[in-house]
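Everything on this sheet refers to the single structure shown next.
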Amino acid sequence: MFHNLTRLEVYVEPSADPGEYTDETLMDILQKTPSLESLDIPEGLNPRTCLVGEDWILNSVPHCLRSCLKEFSISNFNGKVAEIELLKYLSKNPTILERMRIYSSETFESDLKKQGEINNQLQILCEGLASCIIEFL
Numbered sequence: 002m003f004h005n006l007t008r009l010e011v012y013v014e015p016s017a018d019p020g021e022y023t024d025e026t027l028m029d030i031l032q033k034t035p036s037l038e039s040l041d042i043p044e045g046l047n048p049r050t051c052l053v054g055e056d057w058i059l060n061s062v063p064h065c066l067r068s069c070l071k072e073f074s075i076s077n078f079n080g081k082v083a084e085i086e087l088l089k090y091l092s093k094n095p096t097i098l099e100r101m102r103i104y105s106s107e108t109f110e111s112d113l114k115k116q117g118e119i120n121n122q123l124q125i126l127c128e129g130l131a132s133c134i135i136e137f138l
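Each residue of the sequence shown is one higher than the one before, starting from 2 at the first, in this note's numbering.
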């Protein structure tokens, strides 16, 4: 357990073997960081290692997502299904999430229609989070 860890940056090598790292690994880490306030994925997700659909449903939601996580950021966001699933999962579970920063990839940055669609989906999911600010950067 990492009881005192409040900020976490997660890097995933683009060439990572799916057997070595998956988003399940990330969820396992989150289960062990009960005081986490800030989660940053600066290089984005590796599509070869991502969970999709119902795979995001865990037996128990990590404590940090329910009561501590205030900030989340992801870079190199492409609007892929697995990335959207992660954003949906994170926006559904935290009760005190204040800010979600999404740094777009060059491809996604130029697709304003897709940005708008995803932003609308997230705004609907975050309705229960009165103070959550979603930023596309």
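Glycine included, C-beta positions come from ideal geometry on N, C-alpha and C. In this text, all values refer to a predicted model and were calculated from it rather than measured experimentally.
Alpha helix (DSSP H) segments (min. 4 residues) lying fully within the segment 76 to 119: 82 to 93, 107 to 110
Backbone secondary structure at leucine 40 - three-state DSSP: To locate residue 40, count along the sequence shown from 1; it is residue 39. It is a strand residue.
Endpoints, beta strand (DSSP E) assigned at leucine 66: One-based indexing of the sequence shown puts residue 66 at position 65. Not the beta strand (DSSP E): leucine 66 falls in the alpha helix (DSSP H), residues 64 to 68.
Proximity of leucine 138 and arginine 102 at Cβ, strictly below 8 angstroms: Residue 138 sits at position 137 when you count from the first residue of the sequence shown. Residue 102 sits at position 101 when you count from the first residue of the sequence shown. Yes, the Cβ-Cβ distance between leucine 138 and arginine 102 is below 8 angstroms.
C-alpha gap between leucine 98 and leucine 9, whole angstroms: Here the question's residue 98 lines up with position 97 in the sequence shown. Here the question's residue 9 lines up with position 8 in the sequence shown. Approximately 15 angstroms between the Cα atoms of the pair.
Backbone secondary structure at leucine 9 - three-state DSSP: Counted from its first residue, the sequence shown places residue 9 at position 8. Leucine 9 falls in the strand class under three-state DSSP.
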